[in-house]
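In the numbering used here, the protein residues as written are 1 to 218.
Ideal placement from N, C-alpha and C gives every residue a C-beta, glycine not left out.
What follows is a single structure, written as structure tokens, with notes after it.
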């Protein structure tokens with residue numbers, strides 16, 4: 001009896017999508033995955049593109065084409081390098097975390113596509129409007145980053161592998177390193193981290209990064 005792919009769990013489906021690449025089973029699994037998350041991907045792409053550049057009038061007429069192109073880019077990102085992105089996703093049984101991870105893939109694909117599109121084709125007047133829309137985008141990004149900050153902090157504090165007396169220090173090291181672009185040598189020049197060697201700071205950051213990656217949050 002043929003397998004009903006619609007009845008597969010998310011974990012089973014992702015497993016099939018990352019094995020026996022280009023086989024009939026792989027193709028059917030990808031068809032089912034796209035069927036399940038097509039609407040979600042579409043909404044994420046439309047929202048991200050709308051926050052970017054819809055203020056440029058002539059792109060109002062190309063929305064459908066742009067969105068379809070970005071969705072194609074998302075699928076390429078998921079499939080490239082023998083589905084490396086999907087294989088690296090750890091929380092296969094958690095659909096909410098999968099949607100959060102997939103949403104980030106959509107945001108990155110939309111940003112790359114729209115940035116390339118605008119840089120190649122914008123006139124001076126359109127560029128001025130683009131700058132204004134980008135300011136608004138950044139404002140919304142800060143709100144998103146604050147939500148992400150709270151999620152990351154909560155997750156790191158819940159890690160059983162963290163030593164209690166180093167927990168807050170490691171959280172601050174990670175956030176400064178990843179978001180504020182403070183690297184090992186720069187971090188250890190800050191008064192509160194002067195007792196830490198650059199190598200130790202990077203080890204701490206990598207430890208936190210590894211935990212978040214295993215949790216599906218990075």
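With fewer than three CB-CB distances shorter than 8 Å, the segment 108-117 does not count as touching the segment 81-97.
Rounded to whole angstroms, the Cβ separation of residue 106 and residue 178 is 21 Å, and the two are not in contact under 8 Å. Per the coordinates, the alpha-carbon of residue 110 lies some 13 Å from the alpha-carbon of residue 76. Counting the other Cβ atoms within 10 Å of the Cβ of residue 194 gives fewer than 16, which makes it exposed. For residue 13 against residue 29, the beta-carbon gap comes to about 6 Å, under 8 Å, which counts as contact. In the three-state reduction of the DSSP assignment, residue 22 falls in the coil class, being assigned neither a helical nor a strand state. The continuous alpha helix (DSSP H) containing residue 69 extends over residues 63-88. Where residue 167 is concerned, the enclosing alpha helix (DSSP H) starts and stops at 167-178. With a threshold of 16 other beta carbon atoms within 10 Å, residue 49 meets it and is buried.
A residue is called buried when at least 16 other Cβ atoms come within 10 angstroms of its Cβ; residue 157 does not meet this threshold and is exposed.
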